[in-house]
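Chains as they are written, first to last, in our numbering: chain P, 4 to 220; chain U, 4 to 220. Note that CB positions come from ideal geometry on N, CA and C, so glycine has one too. This report concerns only the one structure given below.
2 protein chains.
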Amino acid sequence: MRIGELSARTGVPAATIKYYVREGLLSSGERRSHNQVEYGEAHVRRLRLVRALVETGSLPIATVREVLAKIADREGNLDSTLGVVAPVLTPAPATEPGERYLELALAAMERQGWHRVNPGIPQVRALAEVLERLELLGLGDMVDRIDEYAAAAESAAASDLRLLGTRVERDEILETMILGTVLGDALFSALRRIAQVEMSGRTFKARERQRPEPEDC
Amino acid sequence: MRIGELSARTGVPAATIKYYVREGLLSSGERRSHNQVEYGEAHVRRLRLVRALVETGSLPIATVREVLAKIADREGNLDSTLGVVAPVLTPAPATEPGERYLELALAAMERQGWHRVNPGIPQVRALAEVLERLELLGLGDMVDRIDEYAAAAESAAASDLRLLGTRVERDEILETMILGTVLGDALFSALRRIAQVEMSGRTFKARERQRPEPEDC
Chain P
4 MRIGELSART GVPAATIKYY VREGLLSSGE RRSHNQVEYG EAHVRRLRLV RALVETGSLP
64 IATVREVLAK IADREGNLDS TLGVVAPVLT PAPATEPGER YLELALAAME RQGWHRVNPG
124 IPQVRALAEV LERLELLGLG DMVDRIDEYA AAAESAAASD LRLLGTRVER DEILETMILG
184 TVLGDALFSA LRRIAQVEMS GRTFKARERQ RPEPEDC
Chain U
4 MRIGELSART GVPAATIKYY VREGLLSSGE RRSHNQVEYG EAHVRRLRLV RALVETGSLP
64 IATVREVLAK IADREGNLDS TLGVVAPVLT PAPATEPGER YLELALAAME RQGWHRVNPG
124 IPQVRALAEV LERLELLGLG DMVDRIDEYA AAAESAAASD LRLLGTRVER DEILETMILG
184 TVLGDALFSA LRRIAQVEMS GRTFKARERQ RPEPEDC
């Protein structure tokens with residue numbers, strides 16, 4: 004297909020496609036004549052992946068390039084490649100979390116039975132850093148309830164992994180995992196906000212019913 | 004307290020504090036003499052809220068100002084104020100979702116029994132837009148599994164609301180709700196990524212055990 008069709012099928016403007024090719028995020032098409040370059044289905048898939056990472060995941064171009072390099076690197080088994088890609092998708096904490104919060108994070112993981120997780124991975128530091136911020140901001144009771152949130156997260160992650168289970172090809176598994184992580188955050192956050200509205204309606208309506216009417220005071 | 008102590012207690016540099024005052028995100032302290040301004044506990048709390056919204060929530064200054072104005076506006080009951088603040092915290096979808104995806108979102112809400120949610124709120128459009136993106140990117144099976152994610156989101160939202168239930172003061176309830184939304188996304192996303200590592204280890208280790216060793220082929 005020509006660049007116009009590639010653009011139409013992915014929703015990415017032709018100028019942006021050319022920019023991605025220059026930046027090495029997309030292989031160039033096959034040149035057929037001096038003014039015609041041919042693109043294939045692999046370009047469609049790759050372009051959608053890049054777009055999701057840049058637009059939904061708000062990842063910098065350099066990080067996207069790093070993720071794509073991990074996919075292209077055929078060394079190492081799938082599990083280790085997943086282990087290499089995942090931290091790239093986790094924003095590194097701005098500050099190093101305190102020892103106490105690392106311990107809180109590890110204790111929560113222990114209670115959930117998450118024994119296969121290497122305690123040194125950046126995702127654990129990211130969790131500790133959130134716990135620290137929560138406590139600083141007066142939401143220490145959210146930290147106390149971490150097990151409830153961990154159980155909900157485990158249930159979401161189990162669904163994520165069932166998606167991967169239906170993929171067979173290595174690249175497809177990796178792409179699904181990456182898209183599922185980036186878009187999965189957006190999906191869960193949208194659902195949680197709607198659920199909050201529902202629960203808030205139930206809670207505060209109930210409170211108001213219990214309260215005597217102003218006329219009675 | 005002086006600006007130096009306010010800065011030390013909140014981790015916000017003095018220059019940034021002055022910037023927030025100029026931008027109307029923080030009321031100015033009480034001037035005691037020509038070179039001494041006194042700040043109180045209300046400034047500490049407000050500054051932490053602003054910092055969380057700007058740094059963790061990555062909200063633009065204008066949006067933070069809007070959120071603070073909603074808190075300051077004493078008109079309307081708590082439930083309606085929560086209803087006004089929440090959409091501000093939900094990034095508006097970049098594109099209007101297709102009708103089909105709005106219907107998918109509403110059907111999922113119906114199945115969850117979320118009957119108190121007004122279908123016209125921006126959070127529902129945000130969900131529909133994520134569903135549309137998922138399908139475009141070849142993750143239609145994540146859309147098919149929306150009920151699993153909705154159940155996990157409901158359980159997280161129920162925990163969120165239990166946090167609010169321990170707050171009595173109107174401003175404290177609103178602040179907790181706002182911080183809980185912004186930091187709650189970060190908390191859940193960190194937990195989910197760790198849970199994914201755990202589940203991935205379980206799944207792919209199991210697959211490898213089932214596979215015959217290369218020597219046997």
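Short CB-CB distance (under 9 angstroms) between GLN126 of chain U and chain P: In the second sequence, the residue the question calls residue 126 of chain U occupies position 123. Chain P contact via Cβ: present.
Alpha-carbon spacing of GLN126 of chain P relative to ASP150 of chain U, whole angstroms: Locating residue 126 of chain P in the first sequence gives position 123, where the first residue counts as 1. Locating residue 150 of chain U in the second sequence gives position 147, where the first residue counts as 1. So the two alpha carbons sit approximately 26 angstroms from each other.
Simplified DSSP assignment, three categories, for VAL40 of chain U: Here residue 40 of chain U refers to the residue found at position 37 when the second sequence is read from its first residue. Residue state, collapsed to three classes: strand.
Those runs of the alpha helix (DSSP H) which lie wholly inside the segment 81-147 of chain P and span at least 4 residues: 81-92, 102-115, 125-139 and 143-147
Listed by chain order, chain U residues near MET4 of chain P by CB distance under 9 angstroms: Residue mapping note: residue 4 of chain P aligns to position 1 of the first sequence, counting from 1. Near MET4 of chain P there are no residues of chain U at all, since even the closest Cβ is about 17 angstroms away, more than 9 angstroms.
Same chain, Cβ closer than 6 angstroms to VAL40 of chain U, neighbours up to 5 away in sequence not counted: Here residue 40 of chain U is taken as the residue at index 37 of the second sequence, counted from 1. Result list for VAL40 of chain U: GLY32 and ARG34, in chain order.
Chain P contact residues for ILE197 of chain U, given Cβ-Cβ distances below 7 angstroms: In the second sequence, residue 197 of chain U corresponds to position 194, counting from 1. Those within 7 angstroms of ILE197 of chain U in chain P are MET112, TRP117, VAL120, GLN126, VAL127 and LEU130.
Contact set between the segment 37-56 of chain P and chain U, restricted to residues whose Cβ is under 8 angstroms from the partner: ARG48, ARG51, LEU52 and ALA55
Residues of its chain near PRO122 of chain U, where Cβ-Cβ distance is below 6 angstroms and the 5 sequence neighbours each way are ignored: In the second sequence, the residue the question calls residue 122 of chain U occupies position 119. Only LEU109 meet the Cβ criterion.
Endpoints, the alpha helix (DSSP H) within which LEU29 of chain P is located: Taking the first sequence and counting its residues from 1, the one referred to as residue 29 of chain P is at position 26. Per DSSP, LEU29 of chain P belongs to no alpha helix (DSSP H) and is neither H nor E.
Nearest candidate by alpha-carbon position, reference ILE197 of chain P, set U:GLY187, U:ALA160 and U:GLY101: In the first sequence, residue 197 of chain P corresponds to position 194, counting from 1. Closest by alpha carbon: U:ALA160.
Where the alpha helix (DSSP H) containing THR169 of chain P begins and where it ends: As a working mapping, residue 169 of chain P is identified with position 166 in the first sequence. First-last for THR169 of chain P: undefined, no H or E at that position.
Neighbour flag for SER10 of chain P against chain U, beta carbons, 9 angstroms: Position 7 of the first sequence, counted from the first residue, corresponds to residue 10 of chain P. Chain U contact via Cβ: absent.
Beta carbon proximity, TYR104 of chain P to chain U, threshold 9 angstroms: The residue labelled residue 104 of chain P in the question sits at position 101 within the first sequence. Taking Cβ atoms only, chain U never reaches closer than 9 angstroms to TYR104 of chain P, which makes this a no.
Bridge partner(s) assigned by DSSP for GLY175 of chain U: The residue labelled residue 175 of chain U in the question sits at position 172 within the second sequence. Residue 175 of chain U is actually Glu in this sequence, not Gly. According to DSSP, GLU175 of chain U bridges with nothing at all.
Coarse secondary structure for GLU201 of chain U, derived from DSSP in three states: For the purposes of this step, residue 201 of chain U is taken as the residue at position 198 of the second sequence. Three-state result, GLU201 of chain U: helix.
Per DSSP, the bridge partner or partners of GLU33 of chain U: One-based indexing of the second sequence puts residue 33 of chain U at position 30. Its beta-bridge partners are U:GLU41.
CB contact check: GLU99 of chain P to chain U, cutoff 9 angstroms: For this step, residue 99 of chain P is matched to residue 96 along the first sequence. Answer no: the Cβ-Cβ gap between GLU99 of chain P and chain U never drops below 9 angstroms.
Inter-stretch contact (C-beta, 8 angstroms, three-pair minimum) for the segment 133-149 of chain P and the segment 45-58 of chain P: no
Cβ of CYS220 of chain U within 9 angstroms of any chain P Cβ: Translated into the one-based positions of the second sequence, residue 220 of chain U becomes position 217. Reliability of the predicted coordinates at CYS220 of chain U is poor, the pLDDT of 44 falling under 50, and the value obtained from them is presented with this limitation in mind. It does not: the Cβ of CYS220 of chain U has no partner Cβ on chain P nearer than 9 angstroms.
Cβ contact check for the segment 84-94 of chain U and the segment 170-186 of chain U: 3 or more pairs under 8 angstroms: yes
Proximity below 9 angstroms, CB of ALA154 of chain U to CB of GLN199 of chain U: In the second sequence, counting from the first residue as 1, residue 154 of chain U sits at position 151. In the second sequence, counting from the first residue as 1, residue 199 of chain U sits at position 196. In this structure, GLN199 of chain U does not lie closer than 9 angstroms to ALA154 of chain U by Cβ.
ASP163 of chain P, DSSP secondary structure in three states: Here residue 163 of chain P refers to the residue found at position 160 of the first sequence. Of the three classes helix, strand and coil, the one that applies to ASP163 of chain P here is helix, per DSSP.
Sequence-distant residues of its chain with Cβ nearer than 7 angstroms to LEU62 of chain P (five each side left out): Within the first sequence, the letter at position 59 stands for residue 62 of chain P. Excluding positions up to five away in sequence, the list reads LEU56.
Within-9 angstroms CB hit, LEU177 of chain P to chain U: Within the first sequence, the letter at position 174 stands for residue 177 of chain P. Taking Cβ atoms only, chain U never reaches closer than 9 angstroms to LEU177 of chain P, which makes this a no.
Spatial neighbours of LYS73 of chain U in its chain, beta-carbon cut-off 6 angstroms, leaving aside the 5 residues before and after: Against the second sequence, residue 73 of chain U aligns to sequence position 70. Counting only Cβ-Cβ distances below 6 angstroms, and skipping sequence neighbours, we find VAL87 and VAL88.
Any chain U beta carbon closer than 9 angstroms to SER192 of chain P: Residue 192 of chain P sits at position 189 when you count from the first residue of the first sequence. By this cut-off, SER192 of chain P is an interface position.
Option nearest ASN38 of chain U by Cα separation, candidates U:VAL146, U:TRP117, U:GLY7 and U:LEU29: For the purposes of this step, residue 38 of chain U is taken as the residue at position 35 of the second sequence. Checked all of U:VAL146, U:TRP117, U:GLY7 and U:LEU29; the closest Cα to ASN38 of chain U is U:GLY7.
DSSP-derived helix/strand/coil call for ASP219 of chain U: To locate residue 219 of chain U, count along the second sequence from 1; it is residue 216. At ASP219 of chain U the pLDDT is 45, less than 50, meaning the model places this residue with poor confidence; the figure from the coordinates comes in the next sentence. Residue state, collapsed to three classes: helix.
Exposed unless 16 or more other CB atoms sit within 10 angstroms - verdict on ARG195 of chain U: To locate residue 195 of chain U, count along the second sequence from 1; it is residue 192. Its Cβ being crowded by 16 or more others within 10 Å, ARG195 of chain U is buried.
Partner residues on chain A for ASP188 of chain P, Cβ-Cβ distance less than 7 angstroms: This model lacks chain A altogether, as its protein chains are P and U.
Alpha-carbon spacing of PHE191 of chain P relative to SER36 of chain U, whole angstroms: Start at 1 with the first residue of the first sequence, and residue 191 of chain P comes out as number 188. Start at 1 with the first residue of the second sequence, and residue 36 of chain U comes out as number 33. Cα-Cα distance, rounded: 51 angstroms.
MET180 of chain P - DSSP class collapsed to helix/strand/coil: On the first sequence, position 177 is the one that residue 180 of chain P refers to. MET180 of chain P: helix per DSSP, three-state reduction.
CB contact check: ALA65 of chain P to chain U, cutoff 9 angstroms: Translated into positions along the first sequence, residue 65 of chain P becomes position 62. Output row for ALA65 of chain P: interface = no.
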